[in-house]
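Converting from the sequence shown to our numbering requires adding 2 to each position, the first position being numbered 1.
Let me begin by presenting the structure, written as structure tokens, before commenting on it.
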Amino acid sequence: MNGKDAPQLRPYPQHPPKSLDALSAKLIGNGLAGVNQELLECRIGQVGYFRLKGYWYPFLTSVSEESAKRSLPFRQGTQFQDIWDRYLFDQELRMLVFDGIVTIEIYLKSFLAHELSVFGGEFGYMTREGLPGLSYDAHLACLSSLRSSFTKSNLPYLRHFRNTYSDPLPPYWMIVGCLSYGTLKENFYQGAPDHIKRKLATQLHIFNPNPNPDVRGDAKILSNWLETIRQARNMTAHHDRFWNESSIRIAPKLPKHRSGSHAKGWWGNDWDIFRKSSGPAAFLTMENYLLSQIDGPAWRKKFISLMSKYPQIPKSDMGFPDGWEMSPLWCVDDPSH
């Protein structure tokens with residue numbers, strides 16, 4: 003973008019800080035019902051006015067019929083409890099999403115540590131041959147990152163390794179314990195040979211149309227899913243609003259639709275109801291799909307229970323179509339059927 007095309011930026015408009023009682027009085031004065039000023043002050047102090055605004059924004063009046071922008075006052079009949087329920091639901095949803103990601107992350111660490119050590123030896127990552135998917139510079143960066151993580155770690159077994167052995171770094175099955183999800187994905191998954199990536203995809207029932215079992219795992223979709231998980235992990239860890247997130251950063255790539263004689267038994271067609279949806283529904287379905295392969299139906303049961311706990315939450319805002327619970331991806335314990 004050259005200077006002529008650059009957007010004309012303007013200073014942020016002045017918003018002098020207001021007291022909690024002034025902020026709560028402003029909201030109540032603009033039609034927020036079902037709450038007294040004392041409780042509203044407490045909630046604003048607990049969560050923050052700006053953060054809570056993301057949950058009451060849909061309840062504001064439209065600026066105009068043509069514009070999607072909204073502003074005070076609230077729509078007539080807006081109850082604070084409806085706003086607070088969305089906040090509580092989002093909080094519980096983030097915790098559940100993160101809990102599922104932890105299960106996936108631990109599985110990835112276990113799988114990659116085992117497969118890469120079998121492929122290149124327990125210290126195989128010390129050479130580029132052990133991580134053929136990395137360039138020369140990327141491998142150097144990998145070693146630097148691993149040394150930093152290892153040196154800073156206070157895990158008992160890593161402290162014991164540092165104090166006992168002369169090796170500069172520990173074997174795969176130890177070092178994965180101190181790696182962040184991003185470091186694991188960027189170095190060990192990205193650096194793994196293609197056959198290990200395809201094996202991981204196959205074990206997670208992520209398939210391409212090729213019937214050859216040696217290449218059936220779809221590493222392209224798997225790589226995309228692992229990246230969307232990284233994005234969602236960051237969102238949930240940093241408490242970003244999640245329940246109606248509509249950006250593509252957590253939109254997983256879906257397997258292509260197949261028709262005719264090729265459609266029979268094709269797992270990709272089960273995803274058809276999510277191809278045009280926005281919101282986190284496709285991500286949540288993908289997370290459930292992976293967890294079903296790793297840990298059975300445990301996470302799905304928790305998710306269904308959470309959705310049942312908050313029936314007032316608009317599922318369409320999450321991207322869920324009518325009847326989603328009965329789709330093959332949600333109504334069976336083994337979505338690969």
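In this text, a Cβ means the ideal position worked out from N, Cα and C, and glycines have one as well.
**Asked** Between Leu90 and Tyr312, is the Cβ-Cβ spacing less than 9 Å?
**Response** Numbered from 1 along the sequence shown, position 88 holds the residue referred to as residue 90. Numbered from 1 along the sequence shown, position 310 holds the residue referred to as residue 312. Yes.
**Message:** When you compare the segment 141-154 with the segment 181-194, are there three or more beta-carbon pairs, one atom per stretch, that lie closer than 8 Å?
**Reply:** Contact between the segment 141-154 and the segment 181-194 is present: three or more C-beta pairs spanning the two stretches fall below 8 Å.
**Asked** To the nearest angstrom, how far is it from the Cα of Phe82 to the Cα of Ala35?
**Response** By 1-based counting over the sequence shown, the position of residue 82 is 80. By 1-based counting over the sequence shown, the position of residue 35 is 33. Going by the C-alpha atoms only, they are around 6 Å apart.
**Message:** With DSSP as the reference, identify every bridge partner of Ala35, one or two as the case may be.
**Reply:** Numbered from its first residue, the sequence shown carries residue 35 at position 33. According to DSSP, residue pairing for Ala35 in a beta bridge involves Gln81.
**Item:** Nearest neighbour of Gly31, chosen from Val49, Leu22, Phe76, Lys255 [CA to CA]
**Value:** As a first step, residue 31 must be located in the sequence shown, where it is residue number 29. Answer by Cα proximity: Phe76.
**Request:** For the beta strand (DSSP E) holding Pro75, just list the boundary residues, first then last.
**Result:** In the sequence shown, the residue the question calls residue 75 occupies position 73. Where Pro75 is concerned, the enclosing beta strand (DSSP E) starts and stops at 72-76.
**Prompt:** Which same chain residues, not among the five before or five after Ile103, have their C-beta less than 8 Å away from its C-beta?
**Reply:** Here residue 103 refers to the residue found at position 101 when the sequence shown is read from its first residue. Contacts found: Tyr183, Ile231, Ala234, Arg235, Thr238, Glu289.
**Asked** Hey, how far is the Cα of Leu202 from the Cα of Asn226?
**Response** As a position in the sequence shown, residue 202 is number 200, starting the count at 1. As a position in the sequence shown, residue 226 is number 224, starting the count at 1. Each residue's Cα considered, the two are about 13 Å apart.
**Request:** Select from Gly56, Glu327, Thr80, Thr153 the residue whose C-alpha is nearest the C-alpha of Lys71.
**Result:** Mapped onto the sequence shown, residue 71 falls at position 69. Taking Lys71 as reference, the option from Gly56, Glu327, Thr80, Thr153 with the minimal CA-CA separation is Gly56.
**Prompt:** Closer than 9 Å, CB to CB, is Thr105 near chain C or not?
**Reply:** Of the protein chains in this structure there is only one, and it is not chain C.
**Request:** Can you tell me which of the three DSSP states Ser64 falls into?
**Result:** Walking along the sequence shown from the start, residue 64 turns up at place 62. The DSSP-derived three-state label of Ser64 is strand.
**Prompt:** With a cut-off of 8 Å, do at least 3 Cβ pairs link the segment 202-215 to the segment 163-178?
**Reply:** The segment 163-178 and the segment 202-215 do not touch, with fewer than three beta-carbon pairs separated by less than 8 Å.
**Asked** When burial is assigned at 16 or more other CB atoms within 10 Å of the CB, is Ser150 buried or exposed?
**Response** By one-based count along the sequence shown, residue 150 stands at place 148. So Ser150 counts as exposed.
**Message:** Taking the straight line between their C-alpha atoms, what separation do you get for Ile252 and Pro282?
**Reply:** Along the sequence shown, read from residue 1 onward, the residue named residue 252 stands at position 250. Along the sequence shown, read from residue 1 onward, the residue named residue 282 stands at position 280. Using only the alpha carbons, I get a separation of about 7 Å.
**Item:** For Gly345: DSSP bridge partner residues
**Value:** Nothing about residue 345 can be read from this structure; the chain reaches only from 3 to 339.
**Message:** Is the beta carbon of Leu114 closer than 9 Å to that of Ala8?
**Reply:** For this step, residue 8 is matched to residue 6 along the sequence shown. For this step, residue 114 is matched to residue 112 along the sequence shown. The criterion of a C-beta distance shorter than 9 Å is not satisfied by Ala8 and Leu114.
**Message:** Please state whether the Cβ-Cβ distance between Trp301 and Ala284 is less than 9 Å.
**Reply:** The count along the sequence shown starts at 1 and reaches residue 301 at position 299. The count along the sequence shown starts at 1 and reaches residue 284 at position 282. Result no, Cβ atoms of Trp301 and Ala284 do not sit closer than 9 Å.
**Prompt:** Secondary structure at Phe125, three-state DSSP: helix, strand or coil?
**Reply:** In the sequence shown, the residue the question calls residue 125 occupies position 123. Looking at Phe125 - three-state DSSP - the assignment turns out to be coil, as it is neither helix nor strand.
**Any alpha helix (DSSP H) of 4 or more consecutive residues that is wholly inside the segment 138-210** = Here the runs fully enclosed are 138-154, 158-166, 174-177, 196-205.
**Message:** To the nearest angstrom, how far is the alpha carbon of Leu74 from that of Thr63?
**Reply:** Translated into positions along the sequence shown, residue 74 becomes position 72. Translated into positions along the sequence shown, residue 63 becomes position 61. Answer to the nearest angstrom: the Cα atoms are 6 Å apart.
**Message:** Using 8 Å for Cβ pairs, my map puts Phe244 next to Leu95. What's the rounded Cβ distance?
**Reply:** Here residue 244 refers to the residue found at position 242 of the sequence shown. Here residue 95 refers to the residue found at position 93 of the sequence shown. Cβ-Cβ separation between Phe244 and Leu95: approximately 6 Å, consistent with a contact (criterion under 8 Å).
**Request:** Select from His116, Ala24, Pro299, Val49 the residue whose C-alpha is nearest the C-alpha of Ile177.
**Result:** On the sequence shown, residue 177 is found 175 positions in, with the first residue counted as 1. With distances taken between Cα atoms, Ile177 lies closest to His116.
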